[in-house]
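So the protein lines, in turn, are chains A and B. Residue numbers for the first sequence follow my numbering, so the first one is 23 and each next one is one higher. Residue numbers for the second sequence follow my numbering, so the first one is 2 and each next one is one higher. Beta carbons are placed, not taken as given, at the ideal position from N, Cα and C, and that holds for glycine. Scroll down for the structure; my scribbles are underneath it.
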Amino acid sequence: MIEAKNLGKVYTVKKKINFFRSEKEKVNAVKGLNLTIGEGEIVGLLGLNGAGKTTTIKMLSTLLNPSAGKITIDGLDAVKDAIKVKSMVNMIAGGERMLYWRLTGAQNLRYFGKLYGLSGGVLEDQIQNLLEEVGLTEASNTPVELYSKGMKQRLHIARGLINNPKYLFLDEPTLGLDAPVAKQLREMVKSLAKNQGKGILLTSHYLKEVEELCDRVYIIEKGSLILHDTPENITASVVKNYHVKIESSALSTSQQNRIKQSLTGCSIEFSEQGDSSEMQIIAPFDPTALIISVCIKESVAIQKLELKRPRLEDAILTLAKEKLA
Amino acid sequence: MKLLSILVAETIKSHQHNFHNKLIYFSLLIWPALLFVTSYYSFKPFNLSDSSPLSAYMDVDQITMFLLTGYLGYIFFWSLVQSAWGMSYERQAGTLELIFLTPVSRIVVMFSRAAGNLLEAVWLFTGFTLFVLVVTGNAGDIHWWNVPLGLGLLSVSAIVWGGFLNIVFLFSRDAGILFTIFEEPMQFFSGVRIPVLAFPLWGKMIALIFPLTYVLEIFRDLVLNGKGLVELAEQFIVLFGVLAFLAIVSAFLLKKAETHAKETGNMVLF
Numbered sequence: 023m024i025e026a027k028n029l030g031k032v033y034t035v036k037k038k039i040n041f042f043r044s045e046k047e048k049v050n051a052v053k054g055l056n057l058t059i060g061e062g063e064i065v066g067l068l069g070l071n072g073a074g075k076t077t078t079i080k081m082l083s084t085l086l087n088p089s090a091g092k093i094t095i096d097g098l099d100a101v102k103d104a105i106k107v108k109s110m111v112n113m114i115a116g117g118e119r120m121l122y123w124r125l126t127g128a129q130n131l132r133y134f135g136k137l138y139g140l141s142g143g144v145l146e147d148q149i150q151n152l153l154e155e156v157g158l159t160e161a162s163n164t165p166v167e168l169y170s171k172g173m174k175q176r177l178h179i180a181r182g183l184i185n186n187p188k189y190l191f192l193d194e195p196t197l198g199l200d201a202p203v204a205k206q207l208r209e210m211v212k213s214l215a216k217n218q219g220k221g222i223l224l225t226s227h228y229l230k231e232v233e234e235l236c237d238r239v240y241i242i243e244k245g246s247l248i249l250h251d252t253p254e255n256i257t258a259s260v261v262k263n264y265h266v267k268i269e270s271s272a273l274s275t276s277q278q279n280r281i282k283q284s285l286t287g288c289s290i291e292f293s294e295q296g297d298s299s300e301m302q303i304i305a306p307f308d309p310t311a312l313i314i315s316v317c318i319k320e321s322v323a324i325q326k327l328e329l330k331r332p333r334l335e336d337a338i339l340t341l342a343k344e345k346l347a
Numbered sequence: 002m003k004l005l006s007i008l009v010a011e012t013i014k015s016h017q018h019n020f021h022n023k024l025i026y027f028s029l030l031i032w033p034a035l036l037f038v039t040s041y042y043s044f045k046p047f048n049l050s051d052s053s054p055l056s057a058y059m060d061v062d063q064i065t066m067f068l069l070t071g072y073l074g075y076i077f078f079w080s081l082v083q084s085a086w087g088m089s090y091e092r093q094a095g096t097l098e099l100i101f102l103t104p105v106s107r108i109v110v111m112f113s114r115a116a117g118n119l120l121e122a123v124w125l126f127t128g129f130t131l132f133v134l135v136v137t138g139n140a141g142d143i144h145w146w147n148v149p150l151g152l153g154l155l156s157v158s159a160i161v162w163g164g165f166l167n168i169v170f171l172f173s174r175d176a177g178i179l180f181t182i183f184e185e186p187m188q189f190f191s192g193v194r195i196p197v198l199a200f201p202l203w204g205k206m207i208a209l210i211f212p213l214t215y216v217l218e219i220f221r222d223l224v225l226n227g228k229g230l231v232e233l234a235e236q237f238i239v240l241f242g243v244l245a246f247l248a249i250v251s252a253f254l255l256k257k258a259e260t261h262a263k264e265t266g267n268m269v270l271f
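Right, here's the structure in full:
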């Protein structure tokens with residue numbers, strides 16, 4: 023289990039005043055963050071740009087020392103026992119950096135494998151298995167500079183798994199990838215957690231991805247935790263409204279009034295479209311069953327019904343609006 | 002075993018990176034050979050007889066050998082300045098951060114990187130040196146039994162120097178300043194072309210800054226003058242003192258660089 027308690031990171035930034043003078047400024051990138059990641063669990067870390075996600079990941083992966091608080095990984099202190107912790111974790115970032123482009127995929131894995139102390143048959147087996155797992159066996163002897171973006175990202179995943187880490191930190195792993203490749207990667211991530219029991223921390227701007235993969239989500243804003251729960255609970259607690267759109271046979275004014283009276287607490291707008299009508303309903307509950315029963319009672323023929331359930335994306339947008347207000 | 006494994010990994014990585022096209026042979030052979038030839042012919046118009054002022058400091062008949070050994074030593078050291086420059090690439094590519102993400106001994110990586118790069122960078126010019134010796138008929142003037150020791154000494158010194166530079170580059174985003182310091186000044190003040198003894202006092206002081214000065218002196222005494230270990234004991238002690246100092250400073254700076262990077266996150270800045 024990874025446990026971060028009261029985690030903080032302060033950067034000292036030099037601000038240039040003029041050619042001769044500069045001023046030091048403290049920037050609180052992360053403030054009092056508490057976070058846990060269990061084995062076999064996928065945990066999301068969300069926030070707007072500059073929220074402190076990457077800084078948090080770098081502290082968990084021992085690349086940065088926290089300015090405050092403590093990180094323990096299976097009981098080991100991430101600062102004092104950094105070398106031992108490094109064998110247990112790995113980090114995968116999105117994008118095309120962090121690979122040797124003139125080396126082949128297999129050579130990249132061999133180099134990093136050796137840095138993790140692997141050698142001989144164990145290393146070669148691990149390389150073959152990983153290349154197969156990420157579908158790069160045929161391209162294993164091709165220089166990385168000839169790989170597509172998706173292939174490079176798959177090689178990143180293989181590189182991140184070379185030391186068979188117990189905990190994996192994924193920083194925007196599907197950034198800029200085509201939908202099919204991103205889907206493939208999501209399935210791989212799911213399998214790593216569920217079948218191999220790896221604890222995974224995921225940051226992503228694709229909120230559907232977070233909703234699909236994560237058991238729990240932490241939302242941070244300017245380095246501080248503002249919400250922590252399952253994606254469903256976060257959505258339910260932040261987004262209160264359901265949107266329903268109904269296309270039906272033409273409605274008389276009296277029918278419209280009776281429907282309005284039946285759906286108390288909801289906002290309804292009607293519009294006429296030739297010989298049919300359209301209703302837009304916004305309700306603080308799922309009004310589908312109620313609206314259908316009212317339509318049946320009023321002998322209104324429903325031609326089309328669309329229910330838009332609140333998503334995690336709506337929750338984040340709502341939170342962002344609240345912060346801006 | 003692990004040390005060897007990292008050394009092999011660094012050598013392969015450096016080979017794949019640097020030998021991607023044939024132009025690399027330009028910097029490996031043509032450029033140092035041109036340096037040697039231009040220096041040689043720069044001396045030609047001047048008085049190189051026993052009445053030459055230079056004869057007070059060296060055997061002027063050995064000018065070819067003096068320059069050859071000088072440039073051989075220089076290439077050993079200069080190639081590792083170029084290799085350390087490659088750290089900027091590692092920083093920009095983000096691979097430097099990935100190296101520090103692993104539990105590998107950082108000092109082993111830094112010195113293995115130097116050793117791996119050295120082998121790649123010097124074999125061609127070493128071959129060229131042997132070729133010139135044979136062609137010019139100077140092969141007989143060499144004290145061959147001292148050559149393995151001389152080359153070994155040159156290699157070890159260059160690796161310590163290269164490891165030190167790699168670590169210095171962990172602090173620096175821009176390598177330009179080191180290129181300026183080490184290219185022409187190191188070539189001149191280390192006694193590659195002119196004996197250090199011929200310099201004025203201030204020049205001799207500058208020469209002491211460059212480890213190449215100490216190595217070249219011993220290397221020439223071994224292979225050109227045939228001196229033995231006992232005769233060179235004092236020079237060896239000084240050289241090993243310089244190398245030990247460099248190694249200790251390297252270990253200290255490496256620790257400092259990683260601590261600094263962990264505080265500031267500057268390993269991703271470029």
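**Message:** What does the alpha-carbon distance come out to for the pair Asp336(A) and Val261(A)?
**Reply:** Locating residue 336(A) in the first sequence gives position 314, counting from the first residue. Locating residue 261(A) in the first sequence gives position 239, counting from the first residue. Straight-line Cα distance between these residues: approximately 7 Å.
**Request:** Kindly indicate which three-state DSSP category His250(A) falls into: helix, strand or coil?
**Result:** As a working note, residue 250(A) is residue 228 in the first sequence. In the structure shown, His250(A) falls within a strand segment according to DSSP collapsed to helix, strand and coil.
**Request:** Give a yes or no on whether 8 Å exceeds the smallest Cβ distance from Met113(A) to chain B.
**Result:** Along the first sequence, one-based indexing puts residue 113(A) at 91. So yes, Met113(A) belongs to the interface.
**Prompt:** Would the beta-carbon of Gly245(A) fall within 8 Å of that of Ile59(A)?
**Reply:** Start at 1 with the first residue of the first sequence, and residue 245(A) comes out as number 223. Start at 1 with the first residue of the first sequence, and residue 59(A) comes out as number 37. No. Outside cutoff.
**Prompt:** Can a CB atom of chain A be found closer than 8 Å to the CB of Thr137(B)?
**Reply:** For the purposes of this step, residue 137(B) is identified with residue 136 of the second sequence, where counting begins at 1. With 8 Å as the cut-off, Thr137(B) does not count as an interface residue toward chain A.
**Prompt:** How would you label Met301(A), buried or exposed, when you count the other beta carbons within 10 angstroms and need 16 or more for buried?
**Reply:** Translated into positions along the first sequence, residue 301(A) becomes position 279. The residue is buried, with at least 16 neighbouring Cβ atoms inside 10 Å.
**Asked** Once you ignore the five residues that flank Ile241(A) on each side, which residues in its own chain have a CB closer than 8 Å to its CB?
**Response** Numbered from its first residue, the first sequence carries residue 241(A) at position 219. Excluding residues within five positions, the ones whose Cβ falls inside 8 Å are Leu68, Gly69, Leu247, Ile248, Leu249, His250, Ile256, Ile338 and Leu341.
**Message:** What would DSSP say about Thr77(A), mapped onto helix, strand or coil?
**Reply:** Numbered from its first residue, the first sequence carries residue 77(A) at position 55. Three-state result, Thr77(A): helix.
**Prompt:** So, is the C-beta of Ser56(B) closer than 8 Å to a C-beta in chain A?
**Reply:** Locating residue 56(B) in the second sequence gives position 55, where the first residue counts as 1. It does not: the Cβ of Ser56(B) has no partner Cβ on chain A nearer than 8 Å.
**Asked** Going straight from the alpha carbon of Val109(B) to that of Ile7(B), what length do you get?
**Response** Against the second sequence, residue 109(B) aligns to sequence position 108. Against the second sequence, residue 7(B) aligns to sequence position 6. Looking at the two C-alpha atoms, the distance is approximately 8 Å.
**Asked** Among Thr96(B), Gly192(B) and Gln63(B), which residue has its Cα nearest to the Cα of Asn139(B)?
**Response** Along the second sequence, read from residue 1 onward, the residue named residue 139(B) stands at position 138. Answer by Cα proximity: Gln63(B).
**Prompt:** Is it the case that the Cβ atoms of Met120(A) and Gly95(B) are separated by a distance below 8 Å?
**Reply:** Residue mapping note: residue 120(A) aligns to position 98 of the first sequence, counting from 1. Residue mapping note: residue 95(B) aligns to position 94 of the second sequence, counting from 1. For the pair Met120(A) and Gly95(B), the CB atoms are nearer than the 8 Å cut-off.
**Item:** Own chain partners of Glu61(A) with C-beta closer than 6 Å, once the 5 adjacent residues on each side are dropped
**Value:** Start at 1 with the first residue of the first sequence, and residue 61(A) comes out as number 39. The residues are Gly219 and Gly221.
**Message:** Quick check: what's the CA-CA separation for Val65(A) versus Glu320(A)?
**Reply:** What you label residue 65(A) is simply residue 43 of the first sequence in a count that begins at 1. What you label residue 320(A) is simply residue 298 of the first sequence in a count that begins at 1. In a straight line, the C-alpha of Val65(A) is about 48 Å away from that of Glu320(A).
**Prompt:** Straight-line CA distance for Lys46(A) to Leu140(A)?
**Reply:** Here the question's residue 46(A) lines up with position 24 in the first sequence. Here the question's residue 140(A) lines up with position 118 in the first sequence. Rounded to whole angstroms, Lys46(A) to Leu140(A) spans 43 Å at the Cα level.
**Under 7 Å (Cβ pairs) to chain A, residues found in the region 88–110 of chain B** = Ala94, Gly95, Thr96, Glu98, Leu99, Ile100, Phe101, Leu102, Thr103, Pro104 and Val105
**Prompt:** Going by alpha carbons, who is nearest to Trp145(B) out of Phe220(B), Phe253(B), Asn48(B) and Phe47(B)?
**Reply:** Against the second sequence, residue 145(B) aligns to sequence position 144. Nearest of Phe220(B), Phe253(B), Asn48(B) and Phe47(B) to Trp145(B), Cα basis: Phe220(B).
**Asked** Mapping DSSP to helix, strand and coil, what is Tyr215(B)?
**Response** Here residue 215(B) corresponds to residue number 214 of the second sequence, with the count starting at 1. Collapsing the DSSP output to three states places Tyr215(B) in a helix.
**Prompt:** Is there contact between the region 83–102 of chain B and the region 49–68 of chain B, where contact requires at least three CB pairs shorter than 8 Å?
**Reply:** no
**Request:** Report all residues from its chain with a CB closer than 6 Å to the CB of Phe165(B); omit the five preceding and five following residues, and keep chain order.
**Result:** As a working note, residue 165(B) is residue 164 in the second sequence. If we look at Phe165(B) and ignore the five residues flanking it on each side, its Cβ neighbours are Leu247 and Ser251.
**Prompt:** Name the chain B residues that come within less than 8 Å of Ile105(A), Cβ to Cβ?
**Reply:** Indexing the first sequence from 1 puts residue 105(A) at position 83. Neighbours of Ile105(A) on chain B, chain order: Pro104.
**Item:** Positions along the region 66–84 of chain A whose CB lies within less than 7 Å of some CB in chain B
**Value:** Under the 7 Å Cβ criterion, the region 66–84 of chain A contributes Lys80 and Ser83.
**Message:** Considering only DSSP beta bridges, list what Lys38(A) is partnered with.
**Reply:** As a first step, residue 38(A) must be located in the first sequence, where it is residue number 16. BP columns for Lys38(A) point to Ser44(A).
**Item:** Any chain B beta carbon closer than 8 Å to Leu137(A)
**Value:** Counted from its first residue, the first sequence places residue 137(A) at position 115. For Leu137(A), the answer is yes, since a Cβ of chain B falls inside 8 Å of its Cβ.
**Asked** Of the choices Pro201(B), Ala245(B) and Met206(B), whose alpha-carbon is the least far from that of Tyr58(B)?
**Response** Here residue 58(B) refers to the residue found at position 57 of the second sequence. Comparing Cα-Cα distances from Tyr58(B) to each of Pro201(B), Ala245(B) and Met206(B), the minimum goes to Pro201(B).
**Message:** Helix, strand or coil, according to DSSP, for Gly69(A) in the structure here?
**Reply:** Here residue 69(A) refers to the residue found at position 47 of the first sequence. In this structure, Gly69(A) counts as coil in the three-state DSSP scheme.
**Item:** Alpha-carbon spacing of Ile238(B) relative to Lys174(A), whole angstroms
**Value:** Looking up residue 238(B) in the second sequence gives position 237. Looking up residue 174(A) in the first sequence gives position 152. Linking Ile238(B) to Lys174(A) through their CA atoms gives a straight-line distance of about 51 Å.
**Item:** Counterpart residues of Ser298(A) in DSSP-defined beta bridges
**Value:** One-based indexing of the first sequence puts residue 298(A) at position 276. Answer by DSSP bridge pairing, in chain order: Ser271(A) and Gln295(A).
**Message:** Taking its Cβ as the centre, do 16 or more other Cβ atoms sit within 10 Å of Ala6(A), making it buried, or is it exposed?
**Reply:** No answer is possible for residue 6(A): the residues shown for chain A start at 23 and end at 347.
**Request:** Would you kindly work out how many angstroms separate the C-alpha atoms of Asn118(B) and Phe112(B), rounded to a whole number?
**Result:** Position 117 of the second sequence holds residue 118(B). Position 111 of the second sequence holds residue 112(B). Each residue's alpha carbon lies about 10 Å from the other.
**Request:** Starting from Ile222(A), follow the beta strand (DSSP E) in both directions and report where the run begins and ends.
**Result:** Your numbering for residue 222(A) matches position 200 in the first sequence. Its beta strand (DSSP E) spans residues Gly221 to Thr225.
**Request:** Sort Lys230(A), Pro187(A), Lys188(A) and Tyr189(A) by Cα distance to Arg208(A) and report the nearest one.
**Result:** As a working note, residue 208(A) is residue 186 in the first sequence. Checking every option, the nearest Cα to that of Arg208(A) belongs to Lys230(A).
**Prompt:** I think Leu334(A) touches Val232(A), with their Cβ atoms under 8 Å apart; what is that distance to the nearest whole Å?
**Reply:** Within the first sequence, numbered from 1, the residue matching residue 334(A) stands at position 312. Within the first sequence, numbered from 1, the residue matching residue 232(A) stands at position 210. At roughly 6 Å, the Cβ-Cβ gap stays under 8 Å, so Leu334(A) and Val232(A) are in contact.
**Message:** Comparing C-alpha positions only, which one of Asn263(A), Thr196(A) and Pro165(A) sits nearest to Arg176(A)?
**Reply:** Here the question's residue 176(A) lines up with position 154 in the first sequence. The option with the nearest alpha carbon to Arg176(A) is Thr196(A).
**Request:** Could you confirm whether any beta carbon from chain A is found closer than 8 Å to the beta carbon of His144(B)?
**Result:** Sequence index remark: in the second sequence, residue 144(B) carries index 143 (1-based). No, His144(B) does not count as interfacial toward chain A.
**Asked** From Gly204(B) to Val197(B), what distance separates their C-alpha atoms?
**Response** Within the second sequence, numbered from 1, the residue matching residue 204(B) stands at position 203. Within the second sequence, numbered from 1, the residue matching residue 197(B) stands at position 196. Their Cα atoms are separated by approximately 8 Å.
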